[in-house]
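Heads up, the thing below is written out as structure tokens.
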Amino acid sequence: MEFDPETDEDADSEADARRSERTSRRTDGREDAAADVTPATAEPNTASTTATPAAENEATATEIAAGATETDTAVTFDRDGLRAGFLKTIPVALGIGGYGIAFGILADQAGLSVAEAALMSATVVAGASQIVAVELWADPIPIAAVLVTTFAINLRYSLMGAALQPWFKRLSATKVYGSLFVMADENWALTMRSLKSNTGYGAFLLGSGIAVWLAWVGATIVGSVAGGVIGDPTTYGFDFILTAVFLSLAAELWEGQSSLLPWTVSLATALITAELVPGRWYILLGGLAAATVEVIRRGE
1 MEFDPETDED ADSEADARRS ERTSRRTDGR EDAAADVTPA TAEPNTASTT ATPAAENEAT
61 ATEIAAGATE TDTAVTFDRD GLRAGFLKTI PVALGIGGYG IAFGILADQA GLSVAEAALM
121 SATVVAGASQ IVAVELWADP IPIAAVLVTT FAINLRYSLM GAALQPWFKR LSATKVYGSL
181 FVMADENWAL TMRSLKSNTG YGAFLLGSGI AVWLAWVGAT IVGSVAGGVI GDPTTYGFDF
241 ILTAVFLSLA AELWEGQSSL LPWTVSLATA LITAELVPGR WYILLGGLAA ATVEVIRRGE
């Protein structure tokens, strides 16, 4: 056989080309397989990535809702609350003024000067205990009897102050105690109504208390000056004024059947205590009985 160098070189080139083509096909096959596997393996990661924003959105929504609740229950101490409390209490303050006239007359009959009666009203700001103190006034003054009786009457303010604590705990001590100084039964009831309505008026008690204080002191002066002319205040029905004021406040605070049980227990306790215990302890014990009923009922 005759050897042809060119033919052999062509044959070798074709063989090399075929080997390269087979190698290329194997490589492409491996790459295609890898490409087919990659999405399947990557799919869990994609789902994880997708779930993360959803979780973040849910957390954000929870934070926003919490922030909205915080805003709804936030208590501010500003001029708006002060003005609202003052204006809301003017009608009630007029009724308190009538009661203040009765106190001024009694103070005059007990021998207190106009200045002494006005000073007492300005610093004590507690109608029931002031009237009891004046009724017990004598020469010499029965200091122990006056202190014990007024203490029993004014203990109710501890219950009233405790009721304000959920809102007032956000205020400074100066704002709280400055407001509590002018707290009376009437403006306390109006303040509770305002705060339960989520107005956020932390200064409502102070504004309403200023209205009460002005009416109380002013009426005391009027009653003390006119005491000698008017004589017995019961002749003109001044003794019923405070009862009328409290009845109107009770109607405002009535919340339907939920109020029936504590009010009934309080009334029954007060009536029984008034018959069995001397002094004004029925005021405190009636309030404590109602508070106990509410604690038991809400704890269930």
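For the sequence shown, position 205 (counting from the first letter as 1) is numbered 205 according to UniProt numbering, and the numbering increases by one without interruption.
For every residue, glycine included, the Cβ atom is placed at its ideal position computed from N, Cα and C.
Taking Asp78 as reference, the option from Ser158, Val125, Leu271 and Ser172 with the minimal CA-CA separation is Ser172.
Taking Lys175 as the centre and dropping the five residues before and after it, the same chain places the C-beta of Phe77 closer than 6 Å to its C-beta, in chain order. A Cβ-Cβ contact shorter than 7 Å links Ile153 with Ala128.
The beta-bridge partner set that DSSP reports for Thr149 is empty. Of the candidates Gln109, Val146 and Trp188, the residue whose Cα lies closest to the Cα of Met160 is Trp188.
The continuous stretches of alpha helix (DSSP H) do not include Lys169, and DSSP gives it neither H nor E. Taking one beta carbon from each stretch, the region 81 to 91 and the region 208 to 220 have 3 or more pairs nearer than 8 Å; the two touch. Beta bridge pairing from DSSP links Tyr201 with Thr76. Secondary structure within the region 88 to 138: the alpha helix (DSSP H) runs of 4 or more consecutive residues, fully enclosed, are 114 to 124 and 127 to 135 (chain order).
Sequence-distant Cβ neighbours of Val92 in its own chain, meaning closer than 6 Å and more than five residues away, are Glu186. Secondary structure at Pro140: coil, using DSSP grouped into helix, strand and coil. One alpha carbon belongs to Ser197, the other to Thr191, and they sit about 10 Å apart.
Counting along the chain, the unbroken alpha helix (DSSP H) around Met192 starts and ends at Asp185 to Lys196.
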